[in-house]
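**Student:** Quick one: this structure, given as structure tokens, is what I'll be asking you about.
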Ligand code: GS8
């Protein structure tokens, strides 16, 4: 079964990192194919004809799209090892709520910080702190969002920590000063091999972001 797992990837993508972390957590071997998003492969267009976006997981020739859908799929198919989602329906609903909250906010707020400037950048910085404070509230005194063990919400959020340096450098602020509990959680996650081996170096992300800005003609 494992031989038939292919990931359509793009290395700086936090969405794709979620899938790589979930696969690593489950110990699944897979083939990783790097996409050029400026010149998409026919395979990507065929496997995700609706959005034409990575990540796509191809399992036994069949595509699964959308990172959170993929992580849930991985959790259900490879259920032999530790679970990412809790089994209790209420706790599952809560994990999905927070993952959805991350999806509705973090990428777009973050982009307004690293690619933006002026008033809107300042506003986005404030929105990011509110977002993180809400996440810290949910974390409470737990080790992970999943409680004692690393779970679905951790997988959903932790890839974005590779972008923190880019947000902080472009926005000229410190996330740690504003949200120390979140940074302590991020450091805890980095102690896990599934995370540390997946996340690119923050400086590499920064260089990529600045190159992309130039390519897109953003000043
Ligand atoms: C987002 C994937 C995405 O934005 C998910 O998988 O969770 N909701 C989706 N993929 C981007 C790269 S990361 O910024 C992508 O593939 N973009 C190509 C395009 O927009 O053409």
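In the numbering used here, the protein residues as written are 58 to 276. No residue lacks a Cβ here, since even glycine has one placed at the ideal position from N, Cα and C.
Per the DSSP calculation, residue 116 is bridged to which residue(s)?
**Tutor:** Bridge partners of residue 116: 62, 119.
**Student:** Which word fits residue 82, buried or exposed, when buried means at least 16 other C-beta atoms lie within 10 angstroms of its C-beta?
**Tutor:** buried
**Student:** Is residue 112 buried or exposed, if buried means 16 or more other CB atoms sit within 10 Å of its CB?
**Tutor:** Looking at its Cβ environment, which holds 16 or more other Cβ atoms inside 10 Å, residue 112 is buried.
**Student:** Who are the Cβ neighbours of residue 193 in its own chain at under 7 Å, not counting the five residues just before and after it?
**Tutor:** 236, 238, 239
**Student:** Less than 8 Å between the C-beta atoms of residue 80 and residue 213, yes or no?
**Tutor:** no
**Student:** Using a Cβ-based criterion (distance less than 7 Å to any ligand heavy atom), does residue 124 qualify as near the ligand GS8?
**Tutor:** yes
**Student:** For residue 91, write down the residues that DSSP places opposite it in a beta bridge.
**Tutor:** 66
**Student:** What is the DSSP secondary structure of residue 204, reduced to helix, strand or coil?
**Tutor:** strand
**Student:** Of the choices 67, 64, 270, 210, whose alpha-carbon is the least far from that of residue 173?
**Tutor:** 270
**Student:** Would you tell me roughly how many angstroms separate the C-alpha atoms of residue 205 and residue 199, rounded to the nearest one?
**Tutor:** 7 Å
**Student:** For the candidate residues 137, 153, 156, 182, whose alpha-carbon lies nearest to that of residue 166?
**Tutor:** 182
**Student:** In three-state terms, what does DSSP make of residue 111?
**Tutor:** coil
**Student:** Suppose the cutoff is 8 Å on Cβ atoms and the five residues either side in sequence are ignored; what does the same chain contact list for residue 152 look like?
**Tutor:** Taking C-beta separations shorter than 8 Å and ignoring five residues to either side along the sequence, the partners of residue 152 in its chain run 142, 143, 202, 203, 208, 209, 210, following chain order.
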